[in-house]
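Student: Pasting a structure here, questions to come.
Residue numbers (our numbering): 7 to 209.
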């Protein structure tokens, strides 16, 4: 025969057991979802990798479409890119097909970007300081970089930009005749090799 005291002891034992099970479950759940010092950096690395692949994809696609070199050759006698701001660079994608792709692919996804252009100096070295095509500010510590090289020739001509059509119209001025930011670094018909670098980071 079960007395009231026995029932009370049974209920108390059940309550203690249930409490221990609940505590064990909570501890297990916390261990499974524990945030370690590496969690944030792993997430950041993943984002950096995604941004780098996006920038590489833009450069590869637009190199294939032939929009990058005409944008870089959109240089005028004032010593700056056509349509550039007072500092000589663009505060967003240039008014060209390449610039439009940069804005649509990166800026509309809240990814800031800078575009730098390096060249071969008269000494045959890569320039230490790039010419800035686009400057959207100082990159964050988690910025990613992608670059691609393009050969330009003595008979390539400077371009004029048409903002309404995002086209780059040919001028009559060849690189051999122009006051271009990069020197004629070769004795052959090759004028120079330009390295276009895109630096991307989350806004």
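Just so you know, even glycine gets a beta-carbon here, dropped at the ideal spot from N, CA and C.
Answer yes or no: do residue 176 and residue 165 have a C-beta to C-beta separation smaller than 8 Å?
Tutor: Within the chain shown, numbered from 1, the residue matching residue 176 stands at position 170. Within the chain shown, numbered from 1, the residue matching residue 165 stands at position 159. Contact: yes.
Student: If we count the other Cβ atoms within 10 Å of its Cβ and call it buried at 16 or more, is residue 51 buried or exposed?
Tutor: Here residue 51 corresponds to residue number 45 of the chain shown, with the count starting at 1. Within a 10 Å sphere around the beta-carbon of residue 51 sit fewer than 16 other beta-carbons, which makes this residue exposed.
Student: Below 8 Å on the Cβ atoms is my guess for residue 140 versus residue 186; work out the distance and round it to an integer in Å.
Tutor: For the purposes of this step, residue 140 is identified with residue 134 of the chain shown, where counting begins at 1. For the purposes of this step, residue 186 is identified with residue 180 of the chain shown, where counting begins at 1. The pair is not a contact, with the Cβ atoms about 18 Å apart (cut-off 8 Å).
Student: Take residue 58 and list the residues in its own chain whose beta-carbon comes closer than 8 Å to its own, dropping the five residues that flank it on each side.
Tutor: Numbered from 1 along the chain shown, position 52 holds the residue referred to as residue 58. Counting only Cβ-Cβ distances below 8 Å, and skipping sequence neighbours, we find 150, 151, 152, 206.
Student: Between the C-alpha atoms of residue 142 and residue 56, what's the straight-line distance to the nearest angstrom?
Tutor: If you number the chain shown from 1, residue 142 lands on position 136. If you number the chain shown from 1, residue 56 lands on position 50. Distance between the alpha carbons of residue 142 and residue 56 is about 20 Å.
Student: Over what stretch of residues does the alpha helix (DSSP H) that includes residue 74 continue unbroken?
Tutor: Within the chain shown, the letter at position 68 stands for residue 74. Run containing residue 74: 74 to 78, per the alpha helix (DSSP H) assignment.
Student: Residues in its own chain within less than 8 Å of residue 160 by CB, not counting five upstream and five downstream?
Tutor: The sequence position of residue 160 within the chain shown is 154, counting from 1. Excluding sequence neighbours, residue 160 sits near 180, 181, 182, 190, 195, 196, 197.
Student: Could you tell me the distance, in whole angstroms, from the CA atom of residue 113 to the CA atom of residue 135?
Tutor: By 1-based counting over the chain shown, the position of residue 113 is 107. By 1-based counting over the chain shown, the position of residue 135 is 129. The straight-line gap from Cα to Cα measures roughly 25 Å.
Student: With distances taken between CB atoms, is the gap from residue 137 to residue 123 smaller than 8 Å?
Tutor: For the purposes of this step, residue 137 is taken as residue 131 along the chain shown, with counting starting at 1. For the purposes of this step, residue 123 is taken as residue 117 along the chain shown, with counting starting at 1. Cβ atoms of residue 137 and residue 123: closer than 8 Å.
Student: Going by C-alpha to C-alpha distance, which of 83, 188, 116, 62 sits closest to residue 132?
Tutor: Along the chain shown, one-based indexing puts residue 132 at 126. Nearest option by C-alpha distance: 188.
Student: Please classify residue 38 as buried or exposed, where buried requires at least 16 other C-beta atoms within 10 Å of its C-beta.
Tutor: In the chain shown, residue 38 corresponds to position 32, counting from 1. Caution applies to residue 38, whose pLDDT of 47 falls short of 50 and renders its modelled position unreliable; the value that the coordinates give is listed next. Residue 38 is exposed by the Cβ-count criterion.
Student: Hey, how far is the Cα of residue 204 from the Cα of residue 129?
Tutor: Translated into the one-based positions of the chain shown, residue 204 becomes position 198. Translated into the one-based positions of the chain shown, residue 129 becomes position 123. Near 25 Å, if we compare the C-alpha coordinates of residue 129 and residue 204.
Student: Between the C-alpha atoms of residue 193 and residue 209, what's the straight-line distance to the nearest angstrom?
Tutor: Along the chain shown, one-based indexing puts residue 193 at 187. Along the chain shown, one-based indexing puts residue 209 at 203. Computed Cα separation, rounded: 44 Å.
Student: Any idea which residues DSSP pairs residue 96 with across the strands?
Tutor: Along the chain shown, read from residue 1 onward, the residue named residue 96 stands at position 90. When DSSP reads this structure, residue 96 sits in a beta bridge with 140.
Student: Here's the rule: buried if 16 or more other CB atoms are within 10 angstroms of the residue's CB, otherwise exposed. What is residue 23?
Tutor: Start at 1 with the first residue of the chain shown, and residue 23 comes out as number 17. Exposed is the call here.
Student: Hey, how far is the Cα of residue 172 from the Cα of residue 99?
Tutor: In the chain shown, residue 172 corresponds to position 166, counting from 1. In the chain shown, residue 99 corresponds to position 93, counting from 1. In this structure, the straight-line span from the alpha carbon of residue 172 to that of residue 99 is close to 11 Å.
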